[in-house]
DNA sequence: TGAAAAGATTGTATCCGTACAACTAAGGGG
DNA sequence: CCCCTTAGTTGTACGGATACAATCTTTTCA
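Chains as they are written, first to last, in the UniProt record's numbering: chain A, 1 to 138; chain B, 1 to 138.
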C-alpha cells in the first residue's frame, strides 16, 4: 500500500496546531514561576539530572556565556547549586536543590497536563495513539 | 471504560516531543526567509487571508504597536500592502503581495513538511492518526 | 453636535536571547 | 616543562519582543 502525502501533511498540521496553537502553556509556566521560559527549561532539565554547564548549554541550544547568566539567576533564587566536578576541576556540576525540584515539578505539571480533548478521547483511540506515538518518537 | 490518566500524559508528552523537540523548523524558516519568526508567522497568516491590523495583532498574540512595526517591515520588503478599509477608514487591511505569497509558501513548505517517521508510518496507522486528530483539533 | 470609543501609529523603556571577543583556570600530550 | 585544548566566566553589542503612554483620525451614539 502506498502513502497519501496529503494525509501525512494534514496529520502533521494537526499535530502542530494542537501543540503550538491550542495548548501552548509557555506563558502559564513563565507566569507561575516568574522566570523566563529558558530558565524554566533549564531548571526542568537540571531537576531531571544534574549536568555540567556545557551539557546544559547543549540542551538549551544556547552558548556558554548565556548559560552562565541563566544558572547565575537560578543560583540566586536558590533553585540550583554549582559544584566543582570531582574528576575535572574545570567543570561545574549544576544540581537542583529540593526547592528547585519543587519548582520544576510545578512547571512539569503545567506543561504535562494533557489537554481536555485528549482526556475526553475514546479510550480505545487513546491507546491506539499511545501505540503509534511510541513508534514515532522512538 | 475509564481512562488511564498516565496514558493520556504519556501521549501528550509524545506529541510535545515530536513537535517541539524533534521537528521544530522555526530556525530553518527564519534562515530561509531572513526574517524573525513572528514576521514569518504574520506573513503566513496574511497570505492565507487579508486582515486588519487589529486582527493580525490578535493572531500574533502581540499588541498593536508592535504589530505596526512588523507590518512596516513586511511592507518595506514588498511582501504586503496596507489599504484603508472601504467601510471604516480607521482600519487598515493588510494583504500579501504576489511576492509575499511566494515567500509565505516557502515557509509553509518548510513548516508543513511531515517528518520522516510520519512518512514512513504504516498507511493504516496514518489513516487512524488522521481520523483521531480530526476529532482532537475539531 | 459633542463626547466617548475604536483603530492605528509613534515613541520610550525594558527584558530576553544571540553572538562574539577576551580572559582565567585546569587538564592533556608532546 | 611548554603548548594546546577545554570549561567556564566576564563583558559588550545588537536584534527581537513585550509593555505602556501619548497622539491622531475616524466612527458611534447619546
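The C-beta atom is built at its ideal place from N, Cα and C for all residues, glycine as well.
{"query": "What does the alpha-carbon distance come out to for the pair residue 141 (chain B) and residue 135 (chain A)?", "result": "No information on residue 141 (chain B) is available, as it lies outside the stretch 1 to 138 that chain B covers here."}
{"query": "Look up residue 96 (chain B) in the DSSP assignment and give the residues it is bridged to.", "result": "B:80"}
{"query": "Alpha carbons only, please: which of A:92, A:73, A:138 is nearest the one belonging to residue 39 (chain A)?", "result": "A:73"}
{"query": "To the nearest angstrom, how far is the alpha carbon of residue 117 (chain A) from that of residue 127 (chain B)?", "result": "19 Å"}
{"query": "What residues in its chain sit with their C-beta under 6 Å from that of residue 67 (chain B), if we drop five residues either side in the sequence?", "result": "53, 56, 57"}
{"query": "Using a Cβ cut-off of 7 Å, pull out every chain B residue sitting near residue 19 (chain A), in sequence order please.", "result": "15, 16, 19, 20"}
{"query": "Candidates A:17, A:19, A:44, A:63: which alpha carbon is nearest residue 30 (chain A)'s?", "result": "A:44"}
{"query": "Rounding to the nearest angstrom, what Cα-Cα distance links residue 59 (chain B) and residue 102 (chain A) in this structure?", "result": "34 Å"}
{"query": "Can you list, in chain order, the residues of the stretch 63-83 of chain A whose Cβ is nearer than 8 Å to any Cβ on chain B?", "result": "none"}
{"query": "Give me the chain B residues within the contact set of residue 7 (chain A), using Cβ-Cβ distance strictly less than 8 Å, ordered along the chain.", "result": "126, 127, 130"}
{"query": "Ignoring anything shorter than 3 residues, give me the beta strand (DSSP E) runs that lie fully in the UniProt domain \"HTH marR-type\" (1-138) of chain A, in order along the chain.", "result": "80-85, 88-96"}
{"query": "Expressed to the nearest angstrom, what Euclidean distance is found between the alpha-carbon atoms of residue 94 (chain A) and residue 119 (chain B)?", "result": "39 Å"}
{"query": "Ordered along the chain, which non-local residues of its own chain (more than five positions away) have a Cβ less than 8 Å from that of residue 37 (chain A)?", "result": "26, 29, 30"}
{"query": "Quick one: measure Cβ to Cβ for residue 75 (chain A) and residue 84 (chain A), integer angstroms, because I've assumed they're closer than 8 Å.", "result": "Wrong, their Cβ atoms sit about 14 Å apart, outside the cutoff."}
{"query": "Between the Cα of residue 129 (chain A) and the Cα atoms of A:63, A:34, A:21, A:11, which residue gives the shortest distance?", "result": "A:11"}
{"query": "Should residue 42 (chain B) be labelled buried (16 or more other beta-carbon atoms within 10 Å of its own) or exposed?", "result": "buried"}
{"query": "Does any residue of chain A have a CB that is nearer than 8 Å to the CB of residue 100 (chain B)?", "result": "no"}
{"query": "Taking 6 Å as the limit between beta carbons, can you name the residues of its chain near residue 133 (chain B), skipping five residues before and five after?", "result": "none"}
{"query": "To be precise: take each residue of the stretch 33-45 of chain A, compare its Cβ to all Cβ atoms of chain B, and keep it if any distance is under 7 Å. Which residues remain?", "result": "none"}
{"query": "Name the chain B residues that come within less than 7 Å of residue 10 (chain A), Cβ to Cβ?", "result": "130"}
{"query": "Return no unless some Cβ of chain B is closer than 8 Å to the Cβ of residue 56 (chain A).", "result": "no"}
{"query": "Using the Cβ count rule (16 or more neighbours within 10 Å means buried), how would you classify residue 124 (chain A)?", "result": "exposed"}
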